[in-house]
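Heads up, the sequence shown is in my numbering, so the first residue is 31 and it goes up one at a time. To start, the structure itself, in structure tokens.
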Amino acid sequence: MILKNLSKRYLVSGEYLPVLDDFTLSIEPGTITALVGPSGCGKTTLLRLIGELEQPDEGELVKSVEERGPLSYLFQEPRLLPWHSVLHNVELVMRPWYPEKEERIARARDFLTMVGLSDFTTFKPDQLSGGMRQRVAIARAFAYPGHMLLLDEPFQSLDTNLRWALVNAFLKLWNAEKRTTIYVTHDVPEALLMADTVIRLSSRPMRILENHTIGTPREERSLGSPEFLALQARFYT
31 MILKNLSKRY LVSGEYLPVL DDFTLSIEPG TITALVGPSG CGKTTLLRLI
81 GELEQPDEGE LVKSVEERGP LSYLFQEPRL LPWHSVLHNV ELVMRPWYPE
131 KEERIARARD FLTMVGLSDF TTFKPDQLSG GMRQRVAIAR AFAYPGHMLL
181 LDEPFQSLDT NLRWALVNAF LKLWNAEKRT TIYVTHDVPE ALLMADTVIR
231 LSSRPMRILE NHTIGTPREE RSLGSPEFLA LQARFYT
């Protein structure tokens with residue numbers, strides 16, 4: 031997918047606020063691309079343009095045939111349906127593609143098992159902790175048969191241990207069901223451990239300060255290694 035010369039402005043107090051101005055980026059299919067930048071720089075706007083929830087004022091998104099298909103969102107809050115069980119929150123997103131209920135239920139159970147919730151399938155969302163609800167949201171995002179995942183800071187506002195547990199749960203599913211993933215965050219260590227490519231962004235109007243591909247396999251990455259300490263220092267400057 032290519033984001034080609036995108037521009038986006040919003041009318042604020044009678045003046046146009048430029049968020050993107052002639053922004054170009056190529057996304058490699060089947061990889062995780064992290065967009066790292068300061069709060070308010072336009073990361074979520076860019077994600078909404080990619081998901082076609084908004085249209086650019088200028089420029090275009092060039093997508094392959096596969097990339098024009100359905101896509102999944104994973105937000106900072108889980109956005110589960112409170113009247114449905116955990117199992118049915120995951121199962122229902124598959125209904126247009128899997129007409130047999132038994133197959134949908136089996137697939138939903140598989141996804142929930144992979145995020146460690148096999149014993150909670152009959153629970154309602156309000157019976158779960160915040161971290162468990164986000165695990166359900168992760169399972170649901172992968173259950174939806176899209177070719178692309180858009181993540182808008184889904185692991186923020188969580189304590190450190192829970193955040194890394196959710197990152198690991200996400201990567202476990204991603205390794206089993208690889209999809210082109212575009213991931214918005216302002217957490218540099220998280221991006222360096224998760225992504226294949228990390229894009230460092232400026233404040234508004236947003237531009238690319240650095241485009242870094244990480245060659246080290248995820249299972250061999252360590253935030254305490256000289257390589258990653260140097261990367262963190264560079265990305266924080």
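Cβ atoms here follow ideal geometry from the backbone N, Cα and C, with glycine treated the same way. Please read all numbers here as calculations on a predicted model, not as lab measurements.
With 16 other CB atoms within 10 Å as the buried threshold, where does Val92 fall? Burial check for Val92: the Cβ neighbour count within 10 Å stays below 16, so the residue is exposed.
Taking 7 Å as the limit between beta carbons, can you name the residues of its chain near Gly60, skipping five residues before and five after? Closer than 7 Å at the Cβ level, and outside the excluded window around Gly60, lie Lys208, Thr210.
May I ask you to report which of helix, strand or coil DSSP gives Pro48? strand
Does DSSP classify Gly72 as helix, strand or coil? If DSSP states are grouped into helix, strand and coil, Gly72 belongs with coil.
Alpha carbon to alpha carbon, what distance is there between Asn198 and Arg39? 36 Å
Per-residue burial, Gly245 [other beta carbons within 10 Å of its own, 16 or more giving buried]: exposed
State the start and end residues of the unbroken beta strand (DSSP E) segment that holds Ile212. Residue range 210 to 215 is occupied by the beta strand (DSSP E) that includes Ile212.
For Thr151, collect the residues of the same chain with a Cβ closer than 7 Å to its Cβ; drop the 5 residues on either side in sequence, then sort them by chain order. Ser115, Val116, Leu117, Arg139, Leu142
What residue from Thr74, Cys71, Asp156, Leu79 has the CA that sits closest to Leu110's CA? The candidate whose alpha carbon is nearest that of Leu110 is Asp156.
Which of the three DSSP states is assigned to Phe53 in this structure? In the structure shown, Phe53 sits in a strand (DSSP, three-state: E or B).
Which two residues bound the contiguous beta strand (DSSP E) that contains His242? 238 to 243
Could you please give me the residues that DSSP links to Glu319 through a beta bridge? Because the chain in this structure spans residues 31 to 267, residue 319 falls outside the shown range and cannot be described.
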